[in-house]
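Trainee:
Numbering (my numbering), first residue to last: 1 to 765.
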């Protein structure tokens, strides 16, 4: 949009498709974003646009809510751009209309009057003038509770040597205030109030409480811990760093052990975690007397469950992707349930984000456990909780920046004391120069002036942040502080306390247990009791069908088919040892493969085809001499005169090779399972079906009665299955002995005798 060689053409093309431009949250738009908008709207007022149709610009913004300077927002630029737009549109006889929305559709008059009083006079600096709100819900009852500030205690004496050096004391101001807030929420829960959007009186639920802080400080964590200690359902921090989550660290400890079993520290951390639950004493007794690695000590210990889980995961670590490996730990071995039981439901966010990171890693890298751990350590992922507007039934704790756009019946502001200004060390931008900030006593006047402007802008934005925080409340606002509050513009608490005297609301002393006596401002008649219809409706239970109260039936395991070769009995004459049996089986498999495919090829192509077939088959390419021997035997079988009727069937017959079949024979030996098998060669004629099975046995029986029992059972099963498929045709079975190049038909009497032994019921077909 700014390149002279392209800008006019690009703008002309864009202008041809733009009817309206809407800029929302304009007070938070950065100067760079304003440049894009101004270049686009320049075509609106140039008189040389791509078309003559009228185009419009609509900008929505509230300077009082500009709180994102760290993202580049500048309230001064907002006002400058507004004036420039007005002048440009006025020049083309299309003056801009400016409208002010004074009504608030969210808050009670109690909150709005306090806000107007707080930001009257000096408090309006940085807001563009004092606000003047009008409550759309003019009769909505409201309360504002101002608690007395809790002073910081004296520095405590050093504790026992084994206590953490950064552990706050029991009388720490943040800790005391956090406990008071948790007790207050517990006491307020169930208090009836008028829910204006629902147009009814109902009791306060946990999701109606929103606690807003300026930053994620010690007080932020203390409030979450205090609410948990009181047993209150709280959503936890609105943002979390993945690497700092206890559940994530426990899972990563297990992954570290799987990648490096010699990592004693990671193994100790994993064993102490909820995933395995060893106590400090258990770990000491395991680790102290060891002579090698901790994993070796674990394998010889009594902790069988921990050993079993780690052995299972270690056996899968080289085969499963990181996502699947974590899922195996969390689901199959119950890790998720154990972590949530110990750490609370807020641990789910960290666990779920770790799973998401595993999927993200697998989409850009070759999945490996070591690679995933390295990838995780190089990026500190921050997770933002997406809490529903009503809190999802949980108390919400978040920063004011994170609460922008939210609202809640009850808003608590616990961090309103004087803030210690952070000493900035970044260089100062002075026109086109960048100079060191220096110390207060050594700064030149121009640098002092620039730094003074920075501090003044920061103070003004902090007051706008207070405006945003106060206006999140619908009906009940609570303001508390731990530490010094000062007077005037020194702190939020001082601003609110002085504004309360000018708000014109009913006042009454307020006793806050554990804190002291504060002040309550109120407006309207607060309801005393919620209607009975509301409470009964809220507690009405749905009617469930009868089956919902019964355990599900036990799943029936699937019935697996039984192979025809697994019906028992010997497969060869004599009893060869295991090595000979394996060699014979491999040779038979290779010969079967040649007999299956070579008949469809010209004899001149057989050597190359045999080499290609056996190279990719089971056992790989045999030695040259063995390959030649296999090819000679296959050639002899395919060219044997006695086998011509099988290898070259009569016209009208259909020949199928390696025919897979499955049949429900119902034989007793099958125990209700179907039969499965594969027939080497099947010849289907108009009135006869012949099943031929190749056998490469070195010793060929002289008569069908001498055929080994296992082969006869296999052929009897094939005959029975084929009779079910072709009940109107005669079904015969025969064995092709490759060593003798002969075909041995199996008489029905022989197969009937074998089948009778497999099916004592006698249901022969």
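Quick reminder that beta carbons are idealized off the backbone N, C-alpha and C, glycines included.
Work out the CA separation of residue 283 and residue 228 for me, nearest whole Å.
Mentor: Here residue 228 refers to the residue found at position 228 of the chain shown. Here residue 283 refers to the residue found at position 283 of the chain shown. Near 28 Å, if we compare the C-alpha coordinates of residue 283 and residue 228.
Trainee: Looking only at C-alpha atoms, which of 449, 491, 479, 472 sits nearest to residue 459?
Mentor: For the purposes of this step, residue 459 is taken as the residue at position 459 of the chain shown. For the residues 449, 491, 479, 472, the minimum Cα distance to residue 459 belongs to 491.
Trainee: Assuming the contact rule is C-beta atoms closer than 8 Å, residue 479 and residue 146 should be a hit. Round their C-beta distance to whole Å, please.
Mentor: By one-based count along the chain shown, residue 479 stands at place 479. By one-based count along the chain shown, residue 146 stands at place 146. Correct: roughly 5 Å between the Cβ atoms.
Trainee: Starting from the Cα of residue 504, find the closest Cα among 559, 6, 143, 82 and give me that residue.
Mentor: Taking the first residue of the chain shown as position 1, residue 504 is located at position 504. Of the listed residues, the one whose Cα sits closest to residue 504 is 143.
Trainee: What is the DSSP secondary structure of residue 537, counted as helix, strand or coil?
Mentor: Within the chain shown, the letter at position 537 stands for residue 537. Because the pLDDT of residue 537 is 41, which lies under 50, any placement of that residue in the model is unreliable, and the number read from its coordinates should be weighed accordingly. Note: residue 537 maps to helix in three-state DSSP.
Trainee: Among 137, 718, 514, whose alpha-carbon lies nearest the alpha-carbon of residue 523?
Mentor: Counting from 1 along the chain shown, the entry for residue 523 is found at position 523. Selected option, being the one with the closest Cα: 137.
Trainee: Within this structure, are the beta carbons of residue 299 and residue 290 separated by less than 8 Å?
Mentor: For this step, residue 299 is matched to residue 299 along the chain shown. For this step, residue 290 is matched to residue 290 along the chain shown. For residue 299 and residue 290, no; Cβs fall outside 8 Å.
Trainee: In terms of DSSP beta bridges, what is residue 830 paired with?
Mentor: Coverage of the chain is limited to positions 1 through 765, which leaves residue 830 absent and any answer about it impossible.
Trainee: Among 163, 153, 192, which residue has its Cα nearest to the Cα of residue 173?
Mentor: In the chain shown, residue 173 corresponds to position 173, counting from 1. That would be 153, whose Cα lies nearest to the Cα of residue 173.
Trainee: What is the rounded straight-line gap between the Cα of residue 751 and the Cα of residue 558?
Mentor: To locate residue 751, count along the chain shown from 1; it is residue 751. To locate residue 558, count along the chain shown from 1; it is residue 558. For residue 751 and residue 558, the distance between alpha carbons rounds to 30 Å.
Trainee: How far does the beta strand (DSSP E) with residue 412 in it reach, from first residue to last?
Mentor: The count along the chain shown starts at 1 and reaches residue 412 at position 412. Taken as a continuous stretch (DSSP letters only), the beta strand (DSSP E) holding residue 412 covers 408 to 413.
Trainee: Beta carbon of residue 833, beta carbon of residue 656: below 8 Å?
Mentor: For the chain, the structure presents residues 1 to 765; residue 833 sits outside this window and is missing.
Trainee: With distances taken from CA atoms, which of 730, 61, 317 is nearest residue 73?
Mentor: Mapped onto the chain shown, residue 73 falls at position 73. Checking every option, the nearest Cα to that of residue 73 belongs to 61.
Trainee: Could you tell me which residues DSSP puts in a beta bridge with residue 103?
Mentor: Indexing the chain shown from 1 puts residue 103 at position 103. DSSP lists 134 as partners of residue 103.
Trainee: Per DSSP, what are the beta-bridge partners of residue 382 in this structure?
Mentor: One-based indexing of the chain shown puts residue 382 at position 382. DSSP, once it has assigned bridges, lists 241 as partnering residue 382.
Trainee: Would you identify the three-state DSSP class for residue 679, choosing helix, strand or coil?
Mentor: Taking the chain shown and counting its residues from 1, the one referred to as residue 679 is at position 679. Strand.
Trainee: Give a yes or no on contact between the region 107 to 125 and the region 471 to 490, applying the rule of three or more CB pairs nearer than 8 Å.
Mentor: The region 107 to 125, when compared against the region 471 to 490, does touch it at the 8 Å Cβ threshold.
Trainee: From which residue to which residue does the beta strand (DSSP E) around residue 209 run?
Mentor: On the chain shown, residue 209 is found 209 positions in, with the first residue counted as 1. From DSSP, the beta strand (DSSP E) with residue 209 extends over 209 to 213.
Trainee: Determine, using beta carbons only, whether residue 731 and residue 692 come nearer to each other than 8 Å.
Mentor: Indexing the chain shown from 1 puts residue 731 at position 731. Indexing the chain shown from 1 puts residue 692 at position 692. No, the Cβ-Cβ distance between residue 731 and residue 692 is not below 8 Å.
Trainee: Suppose contacts are defined by Cβ-Cβ distances below 8 Å. Is residue 254 in contact with residue 275 by that definition?
Mentor: Translated into the one-based positions of the chain shown, residue 254 becomes position 254. Translated into the one-based positions of the chain shown, residue 275 becomes position 275. Contact flag set, yes.
Trainee: Leaving aside the five residues before and after residue 134 along the sequence, list all residues of the same chain whose C-beta is less than 6 Å from its C-beta, in chain order.
Mentor: Taking the chain shown and counting its residues from 1, the one referred to as residue 134 is at position 134. Taken in chain order, the residues that qualify are 102, 103.
Trainee: Let me check understanding here. Comparing Cα to Cα, which of 372, 23, 37, 164 lies closest to residue 2?
Mentor: Taking the chain shown and counting its residues from 1, the one referred to as residue 2 is at position 2. Measuring from the Cα of residue 2, the nearest candidate turns out to be 37.
Trainee: In this structure, does DSSP put residue 611 in helix, strand or coil?
Mentor: As a first step, residue 611 is located in the chain shown; it is residue number 611 there, counting from the start. Helix.
Trainee: Just mark residue 98 as buried or exposed, buried being the case when its beta carbon has 16 or more other beta carbons within 10 Å.
Mentor: Taking the first residue of the chain shown as position 1, residue 98 is located at position 98. So residue 98 ends up on the exposed side.
Trainee: With H, G and I counted as helix, E and B as strand and the rest as coil, what does DSSP make of residue 189?
Mentor: Taking the first residue of the chain shown as position 1, residue 189 is located at position 189. Three-state DSSP puts residue 189 in coil, outside helix and strand.
Trainee: Report yes if the C-beta distance between residue 586 and residue 613 is below 8 Å; otherwise report no.
Mentor: Translated into the one-based positions of the chain shown, residue 586 becomes position 586. Translated into the one-based positions of the chain shown, residue 613 becomes position 613. No, these two residues do not count as a Cβ contact at 8 Å.
Trainee: Pick out whichever of 321, 94, 736, 33 has its Cα sitting closest to the Cα of residue 55.
Mentor: As a first step, residue 55 is located in the chain shown; it is residue number 55 there, counting from the start. Closest option to residue 55, Cα to Cα, is 94.
Trainee: For residue 604, count neighbouring Cβ atoms within 10 angstroms of its own Cβ and tell me buried if that reaches 16, exposed if not.
Mentor: In the chain shown, counting from the first residue as 1, residue 604 sits at position 604. So residue 604 counts as exposed.
Trainee: Use the C-beta contact count for residue 161: other C-beta atoms within 10 angstroms, 16 or more gives buried, fewer gives exposed.
Mentor: For the purposes of this step, residue 161 is identified with residue 161 of the chain shown, where counting begins at 1. With fewer than 16 other Cβ atoms within 10 Å, it is exposed.
Trainee: Please confirm whether residue 609 and residue 621 have their CB atoms less than 8 Å apart.
Mentor: Taking the chain shown and counting its residues from 1, the one referred to as residue 609 is at position 609. Taking the chain shown and counting its residues from 1, the one referred to as residue 621 is at position 621. No.
Trainee: Residue 58 by DSSP, collapsed to three states: which one?
Mentor: By 1-based counting over the chain shown, the position of residue 58 is 58. Here residue 58 sits in strand by DSSP.
Trainee: If you drop the 5 nearest sequence neighbours on each side, which residues of the same chain put their C-beta closer than 8 Å to that of residue 573?
Mentor: The residue you call residue 573 lines up with position 573 of the chain shown. The answer, listed in chain order, is 697, 699, 701, 706, 708.
Trainee: Output the distance between the C-alpha atoms of residue 208 and residue 149, rounded to the nearest integer angstrom.
Mentor: Counting from one through the chain shown, the residue named residue 208 turns up at place 208. Counting from one through the chain shown, the residue named residue 149 turns up at place 149. Straight-line Cα distance between these residues: approximately 24 Å.
Trainee: Specify whether the region 353 to 368 and the region 305 to 322 touch according to this definition: at least 3 beta carbon pairs, one from each stretch, less than 8 Å apart.
Mentor: A contact exists between the region 353 to 368 and the region 305 to 322.
Trainee: Report the residue from 753, 703, 737, 690 whose alpha carbon sits nearest the alpha carbon of residue 725.
Mentor: Along the chain shown, one-based indexing puts residue 725 at 725. For residue 725, the nearest C-alpha among the options comes from 690.
Trainee: Between residue 262 and residue 292, what straight-line distance do the alpha-carbon atoms span, to the nearest angstrom?
Mentor: The sequence position of residue 262 within the chain shown is 262, counting from 1. The sequence position of residue 292 within the chain shown is 292, counting from 1. Between residue 262 and residue 292, the C-alpha separation is close to 9 Å.
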